[in-house]
Amino acid sequence: MKDITEKEVSEVIYADNIAHIEELEKMKKATPARIGIGHTGARYKTEPMLRFLAAQAAAADAVFSEVKEDVVKDLGVFEVRTKCASKYEMLTRPDWGRIFEEDTQEYIKNHCIQNPDVQIYFGDGLCSPSIQANIPDLFPTIKLGLEDKGITVGTPFFVRYCRVNTARTIGPLLNAKVVCVLIGERPGLLTSESMSAYIAYHARPEMSESDYTVVSNISKHGIPPVEAAAHIVDLLDEILKKKKSGVALKTD
Amino acid sequence: MSEEVILSAGIDVGTSTTQLIFSRMTIKNTAGFGKVPKTEIVSKDIFYRSKIYFTPFLSSEIIDGAKVHEIIKKEYETAGISPKDLSTGAVIITGETSRKKNAKQVLESLSDIAGDFVVATAGPDLESILAGKGAGAGEISKKSGKVVANLDIGGGTTNICYFKDGEVYDTACLDIGGRLVKIEDGRITYIADKVQDFINKYQIPVKIHERADVQHLELLTDKMAEILAQSVNLCKPTEDLVNFRTNRLITVNDPVEILTFSGGVASCMDQEYDVLQFGDIGVLLAKSIMKNRYFMEIKTAHAMETMRATVIGAGNYSMNISGSTIEYTQKDFPIKNLPIGKIRLENEADIEKIGTEMQKAIDYFRDDGEEVQIALAMKGLACPGFLQIQEIAANIMETYDTLFDKNIKLILILEADIGKALGQALKRINSKGRDIVCIDNISCNSGDYIDLGQPIANGSVIPVVVKTLVFQG
Chain S
-15 MKDITEKEVS EVIYADNIAH IEELEKMKKA TPARIGIGHT GARYKTEPML RFLAAQAAAA
45 DAVFSEVKED VVKDLGVFEV RTKCASKYEM LTRPDWGRIF EEDTQEYIKN HCIQNPDVQI
105 YFGDGLCSPS IQANIPDLFP TIKLGLEDKG ITVGTPFFVR YCRVNTARTI GPLLNAKVVC
165 VLIGERPGLL TSESMSAYIA YHARPEMSES DYTVVSNISK HGIPPVEAAA HIVDLLDEIL
225 KKKKSGVALK TD
Chain X
1415 MSEEVILSAG IDVGTSTTQL IFSRMTIKNT AGFGKVPKTE IVSKDIFYRS KIYFTPFLSS
1475 EIIDGAKVHE IIKKEYETAG ISPKDLSTGA VIITGETSRK KNAKQVLESL SDIAGDFVVA
1535 TAGPDLESIL AGKGAGAGEI SKKSGKVVAN LDIGGGTTNI CYFKDGEVYD TACLDIGGRL
1595 VKIEDGRITY IADKVQDFIN KYQIPVKIHE RADVQHLELL TDKMAEILAQ SVNLCKPTED
1655 LVNFRTNRLI TVNDPVEILT FSGGVASCMD QEYDVLQFGD IGVLLAKSIM KNRYFMEIKT
1715 AHAMETMRAT VIGAGNYSMN ISGSTIEYTQ KDFPIKNLPI GKIRLENEAD IEKIGTEMQK
1775 AIDYFRDDGE EVQIALAMKG LACPGFLQIQ EIAANIMETY DTLFDKNIKL ILILEADIGK
1835 ALGQALKRIN SKGRDIVCID NISCNSGDYI DLGQPIANGS VIPVVVKTLV FQG
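Keeping their order, the protein sequence lines are chains S and X. For the first sequence, counting from 1, position 142 maps to 126 in our numbering; every step adds exactly one. One gets our numbering by counting positions in the second sequence from 1 and adding 1414 to each.
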């Protein structure tokens, strides 16, 4: 059977009888949107329709699937999970997705170095495939870049059923100057492996959402992980020097 | 990030006229919240246009350098601009003037007063490109999706530039212009050599020192218009086209869909002048083109600028800015006139061959193993992995260290958006402490030369001028 997703939608023209095919090709190059997919009567053609469903399924899978244990093992980090016991709970209880049980907190504390300049950890968030797709290139590049600048990097780990606001707990727990969560972002129909970096100076329970500096759209379809990492290194350096993050950093 | 405004100058010393413009370029980070910065030029605003001067000559072979210098200096004063205000721009000597004996010295004396990062450059290809962009042909092609050709018909040469999808597609240059025959007090006082050969060949009754007969001159300009039509493939090319070629002719086969005209002769198309008002054949040539049957058949569009297309091209279109995620340890900018050595690095398989590729590129520029400062250009992988970046960096640094002493800078020009990642990796293994510049989003080729300006926008981007050709002495 033919794999209809073998080629990107942006590379295929499904429409028939196109007067100026080069013009359509140019337009398709300029946007990842599904243009030039044709129609049959008032409806989609079969293949574009199936591709819609396939992309939607991939997006849903990205949200609902689990990061495999092997993936975490290959990254060479330990794993903890938030108060949520399942993916379902993570999606329905955002408040639990940001906190940890007492013993988990103890575990993290015992397995990590204390007082790092920057504490980096990985979370599945709303997109499990993003971990495997990006971390192997993203994290080592950030780590080396920071070490070159003489910035200490804490022990990395993986958080299952993770939300961004775990940073509010992790910051004080490890007494990190800056917390950087690398977390899967909500997938769309174009990519289901994008990741964001949420960075907060002096992360703490009472901090505000606007204290986060964000770098989003990290994936091979967006900002290449290594280049995003290089940018994040400079951003972390700036945040440490200016002792602030988020909107305060922007308006500086 | 807030906006930053930089000033740019364009100076054109042409066969018939000398002009200058100053423009303001606004540079801004256009990336949205949560995005990696993307610094771009968001607007270009010409705020000063000089008077149009006749280019001063001491004799038919020597430009009056001192006078040119004086003109430019006076215009700076009138505009209230001092050289240190300028971040970028270009001084160019164009057309027939660039072949005068002291052209190079004049250019050098000008770049001295024109500002630290105003590049001195010339060459028919670059002139064609700048004129085409200044005339707006590039824009028209981008908007219409059509192949657009601009003919910049000046005093001594016609510079042709093809654009496709807004990009330069091909260039050509011919020795056809409005001032190749000069008339004073009703007598012909000058005929350029190539035109004289042409007159002899067709036995056109136009003779030096004799009375100028408009009808006879028209015979000449009609034939010149015909050659221009051939040059953009509106009709079959003849031997005459080859004879009038300055350096190269159009080689692409795509037919032109829209034509634009710029240059002094084009400005005679819009306005009524007495045929010999300027003491040359410019007005007649304009008329001949307008009534030429091939030119009448093809769609033409109005150029945004006619007379000033080249100078605006020089001021507004010679500079680009690098990508916004770049890395450099070098403090001392500008770096001017770096020759480009292009090496192949497009996919994973190329990584292990970087060493030999670099060796080849560098050997091309140095005789007897002497030290030479070049910039290495490469496409770069679109989305390399962590290990690939380390490997690329290691291969580059190793080769460079075996070939060059530590005082030779490592300057890399990439197309793919990986400048910062690669730059950081290079810095890490830079055991000799050499200066490194690693910028991206710039495309250039072997044979090009490049100028790197003082970093702008809080040091996040570097202004770059890629010169398709430098002065050919």
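Glycine included, every Cβ here is placed at the ideal spot set by N, Cα and C. Since the model is a prediction, treat every value here as computed from it, not as a measurement.
Secondary structure of residue i, DSSP reduced to three states
i	result
X:Ala1549	coil
X:Lys1637	helix
X:Lys1621	coil
X:Thr1714	strand
S:Ile216	helix
X:Pro1651	coil
X:Met1772	helix
X:Gly1424	strand
S:Gly25	coil
S:Arg253	This structure gives no information on residue 253 of chain S, because the portion of chain S shown stretches from -15 to 236.
X:Val1679	helix
S:Arg35	helix
X:Lys1458	strand
S:Val163	strand
S:Asp221	helix
S:Gly168	strand
X:Tyr1687	coil
X:Leu1817	helix
X:Asn1657	helix
Limits of the alpha helix (DSSP H) - the one that residue i falls within
i	result
X:Ser1702	Gly1696 to Lys1705
X:Pro1877	Counting along the chain, X:Pro1877 falls outside any alpha helix (DSSP H), though it belongs to the beta strand (DSSP E) covering Pro1877 to Lys1881.
S:Pro237	In the structure as shown, chain S begins at -15 and stops at 236. Residue 237 of chain S is therefore absent and cannot be evaluated.
X:Ser1525	Ala1517 to Ile1527
S:Lys127	Pro113 to Asp132
X:Arg1842	Gly1833 to Arg1842
Candidates the options: closest to residue i by CA position
i	options	result
X:Phe1709	X:Thr1720, X:Val1646, X:Pro1877 and X:Met1718	X:Val1646
X:Val1609	X:Val1670, X:Asp1459 and X:Asp1636	X:Asp1636
X:Tyr1576	X:Gly1837, X:Thr1674 and X:Leu1434	X:Thr1674
X:Gly1428	X:Lys1756, X:Tyr1814 and X:Ala1545	X:Ala1545
X:Met1638	X:Gly1769, X:Glu1598 and X:Tyr1616	X:Tyr1616
X:Gly1693	X:Gln1787, X:Leu1631 and X:Pro1669	X:Leu1631
X:Asp1526	X:Val1670, X:Ile1425, X:Ser1702 and X:Ser1857	X:Ile1425
X:Ile1357	X:Glu1640, X:Ile1597 and X:Lys1820	In this structure chain X extends from 1415 to 1887, so residue 1357 of chain X is not present and cannot be described.
S:Phe62	S:Glu131, S:Glu90, S:Thr125 and S:Phe141	S:Phe141
S:Ala38	S:Met191, S:Asp(-13), S:Pro16 and S:Ile115	S:Asp(-13)
X:Pro1470	X:Ile1455, X:Glu1454, X:Asn1516 and X:Ser1437	X:Asn1516
S:Lys57	S:Lys226, S:Ile115 and S:Lys204	S:Ile115
X:Glu1711	X:Asp1654, X:Leu1655, X:Val1656 and X:Leu1648	X:Leu1648
X:Glu1475	X:Thr1511, X:Lys1452 and X:Thr1492	X:Thr1511
X:Glu1541	X:Leu1524, X:Asp1530 and X:Asn1564	X:Asn1564
X:Asp1849	X:Ile1613, X:Asn1706, X:Lys1465 and X:Tyr1742	X:Tyr1742
Where the beta strand (DSSP E) through residue i begins and ends
i	result
X:Phe1436	Thr1431 to Asn1443
S:Met237	In this structure chain S extends from -15 to 236, so residue 237 of chain S is not present and cannot be described.
X:Thr1753	Before going on, a small fix: residue 1753 of chain X reads as Pro here, not Thr. Unbroken beta strand (DSSP E) run through X:Pro1753: Ile1749 to Lys1756.
S:Ser200	Tyr196 to Ile202
X:Ala1504	Leu1500 to Ile1507
S:Phe106	Val102 to Gly107
X:Met1721	Segment: none, X:Met1721 is in no beta strand (DSSP E) and carries neither H nor E.
Could you list the residues in the region 1825 to 1842 of chain X with a C-beta less than 9 Å from some C-beta on chain S, going in chain order?
Ala1830, Asp1831, Ile1832, Gly1833, Lys1834, Ala1835, Leu1836, Gly1837, Gln1838, Ala1839, Lys1841 and Arg1842
Should the region 1516 to 1524 of chain X be regarded as contacting the region 1473 to 1490 of chain X, the criterion being three or more beta carbon pairs within less than 8 Å?
yes
Check distances from the C-beta atoms of the region 1696 to 1717 of chain X to those of chain S and list, in chain order, the residues that come in under 7 Å.
none
Between the region 142 to 167 of chain S and chain X, which residues of the former have CB atoms less than 7 Å from a CB of the latter, in chain order?
none
Residues within the region 1843 to 1854 of chain X neighbouring chain S, beta-carbon criterion of under 8 Å:
none
What are the residues in the region 1422 to 1450 of chain X lying within 8 Å of chain S by C-beta distance?
Phe1447, Gly1448, Lys1449 and Val1450
For the region 1794 to 1809 of chain X, enumerate the residues whose C-beta is nearer than 9 Å to any C-beta of chain S, in chain order.
Leu1795, Ala1796, Cys1797, Pro1798, Gly1799, Phe1800, Leu1801, Gln1802, Ile1803 and Gln1804
Looking at C-beta atoms only, is the number of pairs between the region 194 to 213 of chain S and the region 1784 to 1800 of chain X that lie closer than 8 Å three or more?
yes
Taking any Cβ of chain S, which residues in the region 1869 to 1881 of chain X have a Cβ under 8 Å from it, in chain order?
none
Count the CB pairs spanning the region 11 to 23 of chain S and the region -11 to -1 of chain S that are closer than 8 Å, and state whether there are at least three.
yes
Within 8 Å, do at least three Cβ pairs link the region 1466 to 1481 of chain X to the region 1447 to 1454 of chain X?
no
In the region 1560 to 1584 of chain X, which residues sit with their C-beta less than 9 Å from some C-beta in chain S, listed in chain order?
Asp1579
Can we say the region 78 to 93 of chain S touches the region 140 to 153 of chain S, given the rule of at least three CB pairs closer than 8 Å?
yes
Residues of the region 184 to 208 of chain S with a CB closer than 8 Å to any CB of chain X: list them in chain order, please.
Val198, Val199, Ser200, Asn201, Lys204, Ile207 and Pro208
Just by C-beta distance, which residues in the region 1723 to 1755 of chain X are closer than 8 Å to chain A?
Going by chain labels, chain A is absent from the structure shown, which instead holds the protein chains S and X.
Say whether the region 104 to 121 of chain S touches the region 161 to 171 of chain S, bearing in mind that this needs 3 or more beta-carbon pairs closer than 8 Å, one atom from each stretch.
yes
Scan the region 215 to 229 of chain S for residues whose Cβ lies nearer than 8 Å to a Cβ of chain X and list them as they occur along the chain.
His215, Val217 and Asp218
Compile a chain-ordered list of the residues in the region 109 to 135 of chain S whose CB is closer than 7 Å to at least one CB of chain X.
Pro120, Asp121, Pro124, Thr125, Leu128, Gly129 and Asp132
For the region 7 to 28 of chain S, which residues have a beta carbon sitting closer than 8 Å to at least one beta carbon of chain X?
Glu7 and Lys10
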